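Peer 1: Have a look at this one before I ask anything.
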Amino acid sequence: MSRPTKIENIRRECPLQPCTNFSAEEASCTAAPWDNRRVDYPDYLRNDKMPTQWCSGCGAGLVMKALIRAVNELQWDKNKVAIVSGIGCSGRMSSYLDFNTLHTPHGRTLPFATGLKLAKPDAHVIIVTGDGDALAIGGNHFLHACRRNIDSTLIIINNFIYGLTGGQFSPTTPVGSYAETSPDGSLEPTFDTVNVAIAAGATYVARSAVSNPRHVTEMIKGGLAHSGMSVVEALSNCHINFGRRNVSGKPEELIAWISRQTVSHDIARYMDEEQLKGRVVVGVLHHVETRPEYVANYYEKAAAIRN
Amino acid sequence: MTASRRRSKTKNEVRGMSTQSVPQDRADSDRSRKEVVLSGNMAVAHALRQVDPHVFPGYPITPSTKIMEMVASFIANGEMQCELVAVESEHSALSVAVGAAAAGARVASATSSQGLAFMWEMLYIAAGSQLPMVLAVGNRALSAPINGFSDHGEAMGARDSGWLQFHSESVQETYDNIVQAFRIGEDRRVRLPVMVCLDGFVLTHTSENIFLENDEAIRNFVRPYRTEYTLLNPDRPVSYGLGDPPEFYMEHKMRQQAGMERALQVIEEVGAEFGRCFGRHYGLLDPYRMEDAEVAIVILGSEAGRVKNVVDELRASGKKAGVLRIRFVRPFPDEQIVKHLLPLRAVAVMDRSYAPGAVGAPVFQEIRSSLYEYRGGAPHVINRIYGLGGRELRAADVRTIFSELDSLRAGNESVPAIRLVGLRGEPLPNWRDQQAFKMPVGQS
Amino acid sequence: MSSGGFSTEKPDAELPPWQEMLPGSVLDQAGNSVHRKTGFWRGGGRRPLLDLKLCVQCLHCWISCPDACFILSDGKVIGIDYDHCKGCGICSRECPPMVNAIVLIDEGRFR
Ligand SMILES: Cc1ncc(C[n+]2csc(CCOP(=O)(O)OP(=O)(O)O)c2C)c(N)n1
Ligand code: SF4
Ligand code: SF4
Ligand code: SF4
Ligand SMILES: [Mg+2]
Chain A
45 MSRPTKIENI RRECPLQPCT NFSAEEASCT AAPWDNRRVD YPDYLRNDKM PTQWCSGCGA
105 GLVMKALIRA VNELQWDKNK VAIVSGIGCS GRMSSYLDFN TLHTPHGRTL PFATGLKLAK
165 PDAHVIIVTG DGDALAIGGN HFLHACRRNI DSTLIIINNF IYGLTGGQFS PTTPVGSYAE
225 TSPDGSLEPT FDTVNVAIAA GATYVARSAV SNPRHVTEMI KGGLAHSGMS VVEALSNCHI
285 NFGRRNVSGK PEELIAWISR QTVSHDIARY MDEEQLKGRV VVGVLHHVET RPEYVANYYE
345 KAAAIRN
Chain B
900 MTASRRRSKT KNEVRGMSTQ SVPQDRADSD RSRKEVVLSG NMAVAHALRQ VDPHVFPGYP
960 ITPSTKIMEM VASFIANGEM QCELVAVESE HSALSVAVGA AAAGARVASA TSSQGLAFMW
1020 EMLYIAAGSQ LPMVLAVGNR ALSAPINGFS DHGEAMGARD SGWLQFHSES VQETYDNIVQ
1080 AFRIGEDRRV RLPVMVCLDG FVLTHTSENI FLENDEAIRN FVRPYRTEYT LLNPDRPVSY
1140 GLGDPPEFYM EHKMRQQAGM ERALQVIEEV GAEFGRCFGR HYGLLDPYRM EDAEVAIVIL
1200 GSEAGRVKNV VDELRASGKK AGVLRIRFVR PFPDEQIVKH LLPLRAVAVM DRSYAPGAVG
1260 APVFQEIRSS LYEYRGGAPH VINRIYGLGG RELRAADVRT IFSELDSLRA GNESVPAIRL
1320 VGLRGEPLPN WRDQQAFKMP VGQS
Chain C
238 MSSGGFSTEK PDAELPPWQE MLPGSVLDQA GNSVHRKTGF WRGGGRRPLL DLKLCVQCLH
298 CWISCPDACF ILSDGKVIGI DYDHCKGCGI CSRECPPMVN AIVLIDEGRF R
């Protein structure tokens, strides 16, 4: 295929045309057609806990709905699903979802989840964390969970900030952004979550953004269906603590800002470095079935030793 | 709350004015100090701005996040030279602190609850290496269950880690304690890290009128930091963190203990000097109407204000009640406490922490064991555990405790030795036989 | 003074009281690991014997000994420090086969 030189050309060549959500700026189209199965959200929620405590317009709600849709599409038994969450705005999700839930200390989701999965290998373990939770205080666990390749799905709601504590910079806060702890603009280089996960050994790694909720659903669904460590980074809006200081305090404007930066994996393939500058590629970025899954491997070995 | 804070300030003013004639340095600072409205977190941050330590590593956690944020903005405004290191966890924060302190830097940080818990390993490293540093702890209950409100659980857990531990009653005292903490911890005779506790929200987030002393005066009071053993000093190379074989470990623990023992004296000296400079005098204890008291409550932290209010009420109606507020849990000023308690008939120790399975909460345990020597003449001591996870302590609760003390004095055997204040439902029926807690009755 | 991080195996009377020790287990002496004798680790193992008559001074043994046991003088190997040699045998292996100036002898033969 010839390499297009202008973004205009990409638009014409998009394989998924016509696509309502696609423009040169908002290249966040879905790679897969979505399932429009009706979802009864209340079936999956603890309705006495509603409304959520998230700020109005918070992207965490979009991710939660996407997760519900993904589980619904897979028709998983609610009793077989375990949600492990940490501390942070994102961590509140375990209080709202009507699955088996485990609310763990800040940064410790993955070890708790590892224990859970080893004790109950049949459970579908889904871990919901924030960028701070997974990459700062829990960064070490993140590497080792990927290395072990435990069958579970880690959803990192990356809102570029420590949301719950009021907006201090996190390992994903873009360089130069303002935060409570960086009044002069953040100095620290950021983590490339996807590449860290791949390097550490995760076998399904995807990135998505709340600007395209159906895409988030697809990415999560892919992760849930995959057997092995799945990491889904969902770029999300914290307009209150990140947006207000940097882009915009309005959720729709911050979501548009996120959307403008994203470009689908399928399209990014046709873009050169210049065109990809300042853009974040979304889609399934790594998917291999070659590494043994830890828990299955463990039980196999254990059985072999016993016999 | 308002009432309690009003009281403590009035008292401080009276304390400052009453005794000595105003010395020159005091008069100087009077002229340039400001009366401002600050929350506890802001007061800590201002104290840190004035002291301007070399390094401040931190990781945010409610309710003490604001301290780190304000330090960041002071640095951004050029008001501090300090290096702020926004690390990835509290474990790293205190590790940075230990590294910096070993390299000869003056270090401060702030945390709460789970954050302090996550510092645990390093708490012992800092104390065992005898590295002075100041840590502000905005007290908050520990998980699980997760709770964002105040109690002293995390601080009490850390009481045996080898850190000095202040508990403040008011925002003003918190500010003053931070300033004094540097002097006390860095004193050659002590050389130990200091924790300054302020109750979450009640002090961290509530604003109060305080005196913000002149920057220069605070800097002069704290003095430039000097330490003998620093890394990267080619004239005197040293190593930190070496292995200690059995024949040396105990002796090194004794060195720590010596620092603690001497701290009692240093605290009093620094408190007195602080009083001379700024007019607010501090000692180890804060006795309130204890002179001729017959019954008293022993308490730490901000709720002392409420108890003092009740004591005023009781005094007005002729009851001889008092409050003994302890400013330090480590080192534990047992002799001084005993001196105040011996003349009493009955005492309630109010703990804002809980030790499941133990015989009462930590402060109660220590006070009772301090009184053991005097068992012939010691008062009855009971334990009232209050305010866990931010549960409100009401004036009515305090009145009940005083009436319990009265009936204990009158020989009523049915007063429970240990009780959770405000607990719904009956306490465990035989939750430790109350007889086991009874101190032998003193001379009548 | 401080322990220097090694077990002295001295009687109590010869050890300093706590007052004379530095706070925080700080050690203010450099280069004192030589005081920690590890030669007895060879135990019933092997001891390297160096034959200087064969040695060609290539210094392979000197660079490859993990415990810095080769004693140099004027840039030349003159002996082995048996107070610290742990008897691993690396030196003997590293000495060029054509030279073979270091042989390993059972420690028992020296008793
Ligand atoms: C050990 C510990 N340290 C600090 C905190 C305070 N804390 C709670 S949430 C949070 C940051 C959350 O950021 P992130 O993980 O990005 O989640 P978000 O709120 O942005 O969804 C911090 C520092 C804590 N609860 N426990
Ligand atoms: S602070 Fe930010 S992340 Fe937290 S609920 Fe509000 S918008 Fe969402
Ligand atoms: S045997 Fe090992 S320790 Fe001993 S001298 Fe040879 S290399 Fe060094
Ligand atoms: S390796 Fe052998 S030849 Fe070389 S210096 Fe050592 S003993 Fe001599
Ligand atoms: Mg976040």
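As they're listed, the protein sequences go chains A, B and C. Residue 45 is where the first sequence starts when you use my numbering, and the numbers rise one by one after that. Residue 900 is where the second sequence starts when you use my numbering, and the numbers rise one by one after that. Residue 238 is where the third sequence starts when you use my numbering, and the numbers rise one by one after that. Just so you know, even glycine gets a beta-carbon here, dropped at the ideal spot from N, CA and C. Just so we're clear, the structure is a prediction, and the values are computed from it rather than from any experiment.
1) Given 8 Å as the limit, is there contact between the segment 1064-1076 of chain B and the segment 1192-1202 of chain B, that is, 3 or more CB pairs closer than that?
2) DSSP state of A:Phe204, grouped into three classes?
3) Can you find a heavy atom of ligand 1 that lies under 7 Å from the Cβ of A:Thr96?
4) So what does DSSP say about B:Gly1037, is it helix, strand or coil?
5) Could you check the C-alpha separation between A:Gly266 and A:Ala250 for me, to the nearest Å?
6) At a CB-CB cut-off below 8 Å, which residues of chain B make contact with C:Met258?
7) Between which two residues does the alpha helix (DSSP H) containing B:Leu1307 stretch?
8) Please determine, among A:Leu162, A:Gly211, A:Gly220 and A:Thr96, the residue with the shortest C-alpha to C-alpha distance to A:Ser196.
9) DSSP beta-bridge partners for B:Arg933?
10) Given that a residue counts as buried once 16 or more other Cβ atoms are within 10 Å of its Cβ, and exposed if not, what is B:Gly1207?
11) Please confirm if C:Gly261 has its CB atom under 8 Å from at least one CB of chain B.
12) Measuring CB to CB, does B:Asn1113 end up less than 8 Å from B:Ser931?
13) Quick test of your reading: C:Ser329 and B:Ser1028, contact by CB under 8 Å. State the CB separation rounded to the nearest angstrom.
14) Identify which residue in C:Leu309, C:Gly326 and C:Asp265 has its Cα closest to the Cα of B:Gln1140.
15) With a threshold of 7 Å on Cβ separation, who are the neighbours of A:Ile242 within its own chain once the five nearest residues in sequence on each side are excluded?
16) Suppose you measure from the CA of B:Ile1024 to the CA of A:Asn351; what does that come to, to the nearest Å?
17) Give me the chain A residues within the contact set of B:Ala975, using Cβ-Cβ distance strictly less than 8 Å, ordered along the chain.
18) Could you give the DSSP three-state label for B:Ser963: helix, strand or coil?
19) Which full runs of the alpha helix (DSSP H) of 4+ residues lie inside the segment 1221-1251 of chain B, going along the chain?
20) Classify A:Tyr222 as helix, strand or coil using the three-state DSSP reduction.
21) Between C:Trp278 and chain B, is any beta-carbon pair separated by less than 8 Å?
22) Going by C-alpha distance, which of C:Leu287, C:Pro248 and C:Cys295 is nearest C:Tyr319?
23) Taking the Cβ atom as the reference point for each residue, do A:Gly182 and A:Gly130 lie within a distance shorter than 8 Å?
24) Could you tell me which residues DSSP puts in a beta bridge with B:Cys1096?
25) Can you list the residues of chain B that A:Ile181 reaches, using a CB-CB cut of under 9 Å?
26) Where DSSP assigns a beta bridge to A:Gln212, which residues make up the other side?
27) Is A:Thr74 close to chain B, meaning its C-beta is less than 8 Å from at least one C-beta of that chain?
28) List the whole-angstrom C-beta distance separating B:Ala1220 from B:Ala1192, where the pair is believed to meet the contact cut-off of C-beta under 8 Å.
29) Given this structure, state the Cα-to-Cα distance separating A:Phe143 from A:Ile127, to the nearest angstrom.
30) Report back the beta-carbon spacing between B:Ala1026 and B:Gly1061 to the nearest angstrom; my notes put them in contact at under 8 Å.
31) Determine which residues of the segment 1064-1092 of chain B have a Cβ less than 7 Å from any Cβ of chain C, and write them out in chain order.
32) What is the C-beta distance between B:Thr1103 and B:Pro962, in whole angstroms, given that I count them as a contact (C-beta under 8 Å)?
33) Output needed in chain order: residues of the segment 130-160 of chain A with a Cβ under 8 Å from some Cβ in chain B.
34) Please report how far the alpha carbon of B:Gly1142 lies from the alpha carbon of B:Val1169, in whole angstroms.
35) Which residues in chain B sit within 7 Å of A:Thr209, going by Cβ to Cβ distance?
36) I'd like to confirm the pairing. Which residues does DSSP put opposite C:Ser310 in its beta bridges?
Peer 2: The structure says:
1) yes
2) One-based indexing of the first sequence puts residue 204 of chain A at position 160. In this structure, A:Phe204 counts as coil in the three-state DSSP scheme.
3) As a position in the first sequence, residue 96 of chain A is number 52, starting the count at 1. No - ligand 1 has no heavy atom lying nearer than 7 Å to the Cβ of A:Thr96.
4) Within the second sequence, numbered from 1, the residue matching residue 1037 of chain B stands at position 138. Here B:Gly1037 sits in strand by DSSP.
5) Working through the first sequence from its first residue, we reach residue 266 of chain A at position 222. Working through the first sequence from its first residue, we reach residue 250 of chain A at position 206. Going by the C-alpha atoms only, they are around 9 Å apart.
6) As a first step, residue 258 of chain C must be located in the third sequence, where it is residue number 21. Within chain B, the residues near C:Met258 are Phe1147, Glu1150, His1151 and Arg1154.
7) Position 408 of the second sequence, counting from 1, holds the residue named residue 1307 of chain B. That run of the alpha helix (DSSP H) goes Ala1294 to Arg1308.
8) Against the first sequence, residue 196 of chain A aligns to sequence position 152. When only C-alpha atoms are compared, the closest one is A:Leu162.
9) Reading the second sequence from its first residue, position 34 is the one you call residue 933 of chain B. A small correction: the amino acid at residue 933 of chain B is Lys; Arg does not occupy that position in the sequence shown. DSSP, once it has assigned bridges, lists B:Leu1111 as partnering B:Lys933.
10) On the second sequence, position 308 is the one that residue 1207 of chain B refers to. Position check: residue 1207 of chain B holds Lys in this sequence, whereas Gly was assumed. B:Lys1207 comes out buried.
11) Residue 261 of chain C sits at position 24 when you count from the first residue of the third sequence. Yes, its Cβ sits closer than 8 Å to a Cβ of chain B.
12) In the second sequence, the residue the question calls residue 1113 of chain B occupies position 214. In the second sequence, the residue the question calls residue 931 of chain B occupies position 32. Contact: yes.
13) Translated into the one-based positions of the third sequence, residue 329 of chain C becomes position 92. Translated into the one-based positions of the second sequence, residue 1028 of chain B becomes position 129. That belief does not hold up - the Cβ atoms of C:Ser329 and B:Ser1028 are roughly 42 Å apart, past 8 Å.
14) Within the second sequence, the letter at position 241 stands for residue 1140 of chain B. Sequence inspection shows Gly at residue 1140 of chain B; the Gln mentioned does not correspond to that position. When only C-alpha atoms are compared, the closest one is C:Asp265.
15) Here residue 242 of chain A corresponds to residue number 198 of the first sequence, with the count starting at 1. Excluding positions up to five away in sequence, the list reads Val249 and His330.
16) Taking the first residue of the second sequence as position 1, residue 1024 of chain B is located at position 125. Taking the first residue of the first sequence as position 1, residue 351 of chain A is located at position 307. Their Cα atoms are separated by approximately 47 Å.
17) In the second sequence, residue 975 of chain B corresponds to position 76, counting from 1. Chain A residues near B:Ala975: Pro227 and Asp228.
18) Reading the second sequence from its first residue, position 64 is the one you call residue 963 of chain B. Looking at B:Ser963 - three-state DSSP - the assignment turns out to be coil, as it is neither helix nor strand.
19) 1233-1240
20) Stepping through the first sequence from its first residue, residue 222 of chain A is reached at position 178. Coil at A:Tyr222, not helix or strand.
21) Indexing the third sequence from 1 puts residue 278 of chain C at position 41. No, its Cβ sits nowhere closer than 8 Å to a Cβ of chain B.
22) Within the third sequence, numbered from 1, the residue matching residue 319 of chain C stands at position 82. Cα-wise, what sits closest to C:Tyr319 is C:Leu287.
23) Position 138 of the first sequence, counted from the start, is the residue given in the question as residue 182 of chain A. Position 86 of the first sequence, counted from the start, is the residue given in the question as residue 130 of chain A. Result yes, Cβ atoms of A:Gly182 and A:Gly130 sit closer than 8 Å.
24) Position 197 of the second sequence, counted from the first residue, corresponds to residue 1096 of chain B. In the DSSP output, where bridge partners are listed per residue, B:Cys1096 has B:Val1036 and B:His1066.
25) One-based indexing of the first sequence puts residue 181 of chain A at position 137. Per Cβ cutoff of 9 Å: Tyr958, Glu987, Ser988, Glu989, His990, Ser991 and Phe1017.
26) By 1-based counting over the first sequence, the position of residue 212 of chain A is 168. DSSP lists A:Tyr206 as partners of A:Gln212.
27) Numbered from its first residue, the first sequence carries residue 74 of chain A at position 30. With a pLDDT of only 45 at A:Thr74, under 50, the local geometry of the prediction cannot be trusted, and no value is derived from it.
28) The count along the second sequence starts at 1 and reaches residue 1220 of chain B at position 321. The count along the second sequence starts at 1 and reaches residue 1192 of chain B at position 293. Contact flag correct, Cβ pair sits at about 6 Å.
29) Position 99 of the first sequence, counted from the start, is the residue given in the question as residue 143 of chain A. Position 83 of the first sequence, counted from the start, is the residue given in the question as residue 127 of chain A. Computed Cα separation, rounded: 7 Å.
30) Residue 1026 of chain B sits at position 127 when you count from the first residue of the second sequence. Residue 1061 of chain B sits at position 162 when you count from the first residue of the second sequence. About 3 Å; that satisfies the 8 Å criterion.
31) Arg1090
32) As a first step, residue 1103 of chain B must be located in the second sequence, where it is residue number 204. As a first step, residue 962 of chain B must be located in the second sequence, where it is residue number 63. Indeed they touch by this definition, with Cβ atoms about 4 Å apart.
33) Ile131, His147, Pro149, His150 and Gly151
34) Within the second sequence, the letter at position 243 stands for residue 1142 of chain B. Within the second sequence, the letter at position 270 stands for residue 1169 of chain B. Each residue's alpha carbon lies about 34 Å from the other.
35) By one-based count along the first sequence, residue 209 of chain A stands at place 165. Near A:Thr209 (Cβ distances below 7 Å), the residues of chain B are Pro959, Ile960, Thr961 and Thr964.
36) Here residue 310 of chain C is taken as the residue at index 73 of the third sequence, counted from 1. According to DSSP, C:Ser310 bridges with C:Lys313.
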